[in-house]
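**Student:** Residues 951 to 1189 (our numbering) make up the sequence shown, in order.
Glycine residues also receive a C-beta, built at the ideal position from the N, C-alpha and C atoms.
Values in this document were obtained by computation on a predicted structure and should not be read as measured data.
Let me give you the structure first, and then I'll get to my questions.
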Amino acid sequence: MVDERPHGGGRAAGAAGGAGRQEEAGPGVEDAGLTLRERKKLVTRRRISGEATVLFIRHGFDNVTVAEVARAAEVSTMTVFNYFPRKEDLFLDRIPEARELLTRAIRERGADEQPLAALRRLTLDLVAERHPLGAVGEGFEHFWRTVLDSSALRARGREAVEELEGVLAGLLAEAAGGDGGRPDHGSRLAAALIVAGIRAAYAEALRRQLRGDPVEVVAAEQVEVLRRTFDALERALPA
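Written out as structure tokens, the structure reads:
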């Protein structure tokens, strides 16, 4: 569920558009089971990220300072860093959600469902929902152009892919009855192959959207690409 660059961000945000802004009231994985205080903190986090995304898309990531983001969100610069230790994470703010979705897909799968089948279901659901982490949606090209124009964002993206691959390796090891904290070679190899396959599928969808292809056409074809990708992974990986 990740391209070579990570799938941070949220829904389109006004004239800025793109996959970068999270709506303050929109429900998500992070909302489940939170106290009132935790929900308020989540609203603040989303507001900061949303204002940052609008500024980054309009002016370019490298041309906007954290202080400018803080002013737009009506918080202090220190508050921004309390929520986002790195400037890049203001824009690529869905990396934690990607980790959570991976974890839930594997750990909460059906008793007779293999981890790979759970991941297939997850990626197809994300496309169907036009979720930002599904790579296909209206306005997402604005978000990705901003990523492509910034070497800092691209570098953070590569790190995020490595992080998610490590999380997946641990989950696969755990699902096989091993130590999730110390995944074996088989689990690490499987995770690398799965991430590479999904990344290739996502990269093609993003390329087509950047080219201006209709979102609905891209989405329909992306479903078939993902199905073929998981068919190939099932043949390559042991059950």
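Out of SER999, VAL1004, ALA1055, which one is the CA nearest neighbour of PHE1190?
**Tutor:** For the chain, the structure presents residues 951 to 1189; residue 1190 sits outside this window and is missing.
**Student:** Hey, would you say LEU1176 sits closer than 8 Å to VAL1077, going by beta carbons?
**Tutor:** Cβ atoms of LEU1176 and VAL1077: closer than 8 Å.
**Student:** I need the DSSP call for THR1027, collapsed to helix, strand or coil.
**Tutor:** Helix at THR1027.
**Student:** From the DSSP output, in three-state form, read off LEU896 for me.
**Tutor:** This structure cannot speak to residue 896, because the chain is shown only from 951 to 1189.
**Student:** Count the other C-beta atoms from every protein chain shown that fall within 10 angstroms of the C-beta of LEU1121, then say buried if there are 16 or more, exposed otherwise.
**Tutor:** Looking at its Cβ environment, which holds 16 or more other Cβ atoms inside 10 Å, LEU1121 is buried.
**Student:** Per DSSP, what kind of secondary structure is ALA962 in: helix, strand or coil?
**Tutor:** Legend: pLDDT at ALA962 = 33, less than 50; position of this residue unreliable, value from coordinates given subsequently. The answer is coil: DSSP assigns ALA962 none of H, G, I, E or B.
**Student:** Pick out whichever of ARG995, GLY1010, GLU1058 has its Cα sitting closest to the Cα of LEU1040.
**Tutor:** Checking every option, the nearest Cα to that of LEU1040 belongs to ARG995.
**Student:** Can you give the Cα-Cα distance for GLU1001 and VAL1025, rounded to whole angstroms?
**Tutor:** The alpha-carbon atoms of GLU1001 and VAL1025 are separated by roughly 11 Å.
**Student:** Can the beta-carbon of LEU1143 be found closer than 8 Å to that of LEU1083?
**Tutor:** Cβ atoms of LEU1143 and LEU1083: not closer than 8 Å.
**Student:** Between which two residues does the alpha helix (DSSP H) harbouring ASP1075 extend?
**Tutor:** Counting along the chain, the alpha helix (DSSP H) containing ASP1075 begins and ends at 1065-1078.
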